[in-house]
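Data first, discussion second: the structure below is written as structure tokens.
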Amino acid sequence: MREVSEARSKSAFTRLFQWYAPRICVWLRQRGASVIQAEELAQDVMLDVWRQASRYDPGRASVAAWVFTIARNKHVDRIRRERRPKPEHDGLLVPAPSPDLGEATGVAQRRGRVHAALQQLPDAQAAVIRSTFLDEETQQRAADLHGVPLGTIKSRTRLAFGRLRELLSADGPDD
Amino acid sequence: MHPSHHPPLDLLAAHTAGWLAEDQSLLVASHLELCPACRSEEAALEKLGGELLEGAVDDAPPSASLLDAVLRRLDEPVPPSAPPPALPAFLADLPIPTVLHRYLADVRRWSLLLPGIQEIALPVEGARLRCSLLRFKPGVLLPRHGHGGRELSLVLQGGFDDQSDAGDRVFLPGDLSCQDPEDDHEVRIHEEGCLVVFAREGRLLPRSLLASVGIFLGQL
Chain A
5 MREVSEARSK
15 SAFTRLFQWY
25 APRICVWLRQ
35 RGASVIQAEE
45 LAQDVMLDVW
55 RQASRYDPGR
65 ASVAAWVFTI
75 ARNKHVDRIR
85 RERRPKPEHD
95 GLLVPAPSPD
105 LGEATGVAQR
115 RGRVHAALQQ
125 LPDAQAAVIR
135 STFLDEETQQ
145 RAADLHGVPL
155 GTIKSRTRLA
165 FGRLRELLSA
175 DGPDD
Chain B
1426 MHPSHHPPLD
1436 LLAAHTAGWL
1446 AEDQSLLVAS
1456 HLELCPACRS
1466 EEAALEKLGG
1476 ELLEGAVDDA
1486 PPSASLLDAV
1496 LRRLDEPVPP
1506 SAPPPALPAF
1516 LADLPIPTVL
1526 HRYLADVRRW
1536 SLLLPGIQEI
1546 ALPVEGARLR
1556 CSLLRFKPGV
1566 LLPRHGHGGR
1576 ELSLVLQGGF
1586 DDQSDAGDRV
1596 FLPGDLSCQD
1606 PEDDHEVRIH
1616 EEGCLVVFAR
1626 EGRLLPRSLL
1636 ASVGIFLGQL
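So, in structure tokens, the structure goes:
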């Protein structure tokens, strides 16, 4: 990543592309994008990775998490643009401001707490939390798979998140 | 600012994952601007998103020409990004989160919702009923009512006391109140008044005669 952001190395970018572009396409198709839409959006995402590389802060996020947020923002923008009749409000999702430097240490300390807490959850609860990062259709499929109503899956998700929050507040200092 | 009332984690996760409706997403994003603790949780959830992205298995690789197409575009000049829209002068002194500014750029004035309550509706797609800025005069009482769907309110200025079966709670700037359909509550605005942004799905359900009249008058 540093070769991309500092040396502006196109061969390093090519390696990033070869790793992430297929994964972004899969993720977007899981979110209901067609093959063509997924490829178009993946292009835009990777172009942003190149253009915004200097803004990437390894102290704040993993490369994967950073690429994930770019892909998510592009995806959300596209969906809202499609639903919105007038195209004049382009790109409504403003990225959340980065935490200031004083907070970065706290973020680094807390990073991994969600993961640590996930380890402590029963498998079924951890699974529903992971499914939150997929779409409603995935939740519907999970409901079909387990032969329970979608509402049950949703209430399980809520329960699991409540438990996760308890675990998060039980360990580690809150800021 | 260190708010004491936060979005439920499922809401924060749905926002981070990118499938929350625009109105609720705006409320969560506004809270995030004001809450360092939730920004940390957001970062942890984004890390989880990143790991799920890493683990996305490819069954049909993208076409080979995709890389060439992107490589050709790397040296294109970056299109200038539009300057963030400015708030209209009559709102400029209010502590309004940055994510909301572009929704308010064309607004001219407050409209009267009920005596003591002014409103600016936000042009949000997918707002099932209402997504607005609300400004309450000091001491306004919202009689006991329930909700037909989830209601989120974020305090931007001033505050209110919230009475419900769960107990008495105080909401101050940065605090996000999340009322689920089964929750009833009564709200009393603090003496300095209160500015909130809120998003609600479903209708309000009156729990007293006074609330019925208010809901009828305000067409809440």
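Taken in order, these protein sequences are the chains called A and B.
Position one of the first sequence corresponds to residue 5 (my numbering), numbered consecutively onward.
Position one of the second sequence corresponds to residue 1426 (my numbering), numbered consecutively onward.
Glycine residues also receive a C-beta, built at the ideal position from the N, C-alpha and C atoms.
**Report entry** Exposure of Trp23 (chain A), with buried meaning 16 or more beta-carbon neighbours within 10 Å
**Finding:** Counting other Cβ atoms within 10 Å of its Cβ, Trp23 (chain A) stays below 16 and is therefore classed as exposed.
Query raised in the report: Going by beta carbon distance, what residues of the same chain come within less than 7 Å of Ala16 (chain A), once the five residues before and after it are set aside?
Result: Residues Glu7 and Val8 of the same chain have their beta carbon placed closer than 7 Å to that of Ala16 (chain A), with the five preceding and five following residues left out of the count.
**Report entry** For His1431 (chain B), the three-state DSSP class (helix, strand or coil)
**Finding:** In the three-state DSSP reduction, His1431 (chain B) falls in the coil class, being neither helix nor strand.
Query - Spatially closest choice to Asp1593 (chain B) from B:Ser1578, B:Gln1582 and B:Glu1611, by CA coordinates - result: Nearest C-alpha to Asp1593 (chain B): B:Glu1611.
Requested in this report: Indicate whether Val1621 (chain B) and Leu1567 (chain B) have their beta-carbon atoms separated by less than 8 Å.
Outcome: Against a cut-off of 8 Å, the Cβ pair of Leu1567 (chain B) and Val1621 (chain B) comes out as no contact.
Query - Cα-Cα separation, Leu1579 (chain B) to Pro1486 (chain B) - result: Across the structure, Leu1579 (chain B) and Pro1486 (chain B) are spaced so that their CA atoms are roughly 44 Å apart.
Query raised in the report: According to DSSP, is Gln1543 (chain B) helix, strand or coil?
Result: The answer is strand: DSSP assigns Gln1543 (chain B) an E or B state.
Report task. Please state whether DSSP places Ile1614 (chain B) in a helix, a strand or coil. Result -> When DSSP states are grouped into helix, strand and coil, Ile1614 (chain B) belongs to the strand group.
**Report entry** Contacting positions in the stretch 1455-1476 of chain B - beta carbon closer than 9 Å to chain A
**Finding:** For the stretch 1455-1476 of chain B, the set of positions with a beta-carbon nearer than 9 Å to some beta-carbon of chain A reads Leu1457, Glu1458, Pro1461, Ala1462, Arg1464, Ser1465, Glu1466, Glu1467, Ala1468, Ala1469, Leu1470, Glu1471, Lys1472, Leu1473, Gly1474, Gly1475 and Glu1476 in chain order.
Query - Residue burial classification, Glu1471 (chain B) (beta-carbon count within 10 angstroms, cutoff 16) - result: Counting C-beta atoms within 10 angstroms of its own C-beta, Glu1471 (chain B) has 16 or more neighbours from the protein chains shown and is therefore classed as buried.
Report task. State buried or exposed for Asp1435 (chain B), treating a residue as buried only when at least 16 other CB atoms are found within 10 Å of its CB. Result -> Buried, by the Cβ-count rule.
Query raised in the report: Thinking C-alpha only, which one of B:Leu1529, B:Leu1630, B:Arg1625 and B:Ala1462 is nearest Phe1515 (chain B)?
Result: Comparing alpha-carbon positions, the option among B:Leu1529, B:Leu1630, B:Arg1625 and B:Ala1462 lying closest to Phe1515 (chain B) turns out to be B:Leu1529.
Query raised in the report: Once you ignore the five residues that flank Ile1542 (chain B) on each side, which residues in its own chain have a CB closer than 8 Å to its CB?
Result: If you ignore the 5 residues before and after Ile1542 (chain B), its C-beta comes within less than 8 Å of the C-beta of Leu1559, Arg1560, Phe1561, Lys1562, Val1565 and Gly1643, all in its own chain and listed in chain order.
Requested in this report: Check whether the Cβ atoms of Glu1458 (chain B) and Pro1522 (chain B) sit closer than 8 Å, and answer yes or no.
Outcome: Yes, the Cβ-Cβ distance between Glu1458 (chain B) and Pro1522 (chain B) is below 8 Å.
Requested in this report: Using the DSSP secondary-structure output, state which residues sit across from Gln1588 (chain B) in a beta bridge.
Outcome: Answer is B:Asp1593 and B:Glu1611, bridged to Gln1588 (chain B).
Query raised in the report: Counting contacts by CB-CB distance shorter than 8 Å, is Leu1630 (chain B) in contact with chain A?
Result: No, no contact with chain A.
Report task. Leaving aside the five residues before and after Asp1605 (chain B) along the sequence, list all residues of the same chain whose C-beta is less than 6 Å from its C-beta, in chain order. Result -> Counting only Cβ-Cβ distances below 6 Å, and skipping sequence neighbours, we find Arg1575.
Query raised in the report: Can you round the beta-carbon distance between Glu1467 (chain B) and Thr1441 (chain B) to whole angstroms, since I take them to be within the 8 Å contact cut?
Result: With a Cβ gap of about 6 Å, Glu1467 (chain B) and Thr1441 (chain B) count as contacting.
Query raised in the report: Ordered along the chain, which non-local residues of its own chain (more than five positions away) have a Cβ less than 6 Å from that of Ala112 (chain A)?
Result: No answer about Ala112 (chain A) holds up, because its pLDDT of 37 lies below 50 and its placement is not dependable.
**Report entry** Residues of the stretch 1496-1518 of chain B whose Cβ lies closer than 7 Å to any Cβ of chain C, in chain order
**Finding:** This model lacks chain C altogether, as its protein chains are A and B.
Query - Three-way DSSP call (helix, strand, coil) for Glu86 (chain A) in this model - result: When DSSP states are grouped into helix, strand and coil, Glu86 (chain A) belongs to the helix group.
Query raised in the report: Would you say Val1482 (chain B) faces chain A, with C-beta separation under 8 Å as the test?
Result: Interface residue (Cβ-Cβ distance to chain A less than 8 Å): Val1482 (chain B) is classified as such.
Query raised in the report: Is Gln41 (chain A) close to chain B, meaning its C-beta is less than 8 Å from at least one C-beta of that chain?
Result: With 8 Å as the cut-off, Gln41 (chain A) does not count as an interface residue toward chain B.
Query raised in the report: By the 10 Å Cβ neighbour count, where 16 or more other Cβ atoms means buried, how is Ala1591 (chain B) classified, buried or exposed?
Result: Result: exposed.
**Report entry** Closest Cα partner of Met1426 (chain B) within the set B:Leu1451, B:Pro1433, B:Pro1461 and B:Pro1432
**Finding:** Out of B:Leu1451, B:Pro1433, B:Pro1461 and B:Pro1432, B:Pro1461 has the C-alpha closest to the C-alpha of Met1426 (chain B).
Query raised in the report: Got a sec: is the Cβ-Cβ distance from Arg76 (chain A) to anything in chain B below 8 Å?
Result: Interface residue, yes.
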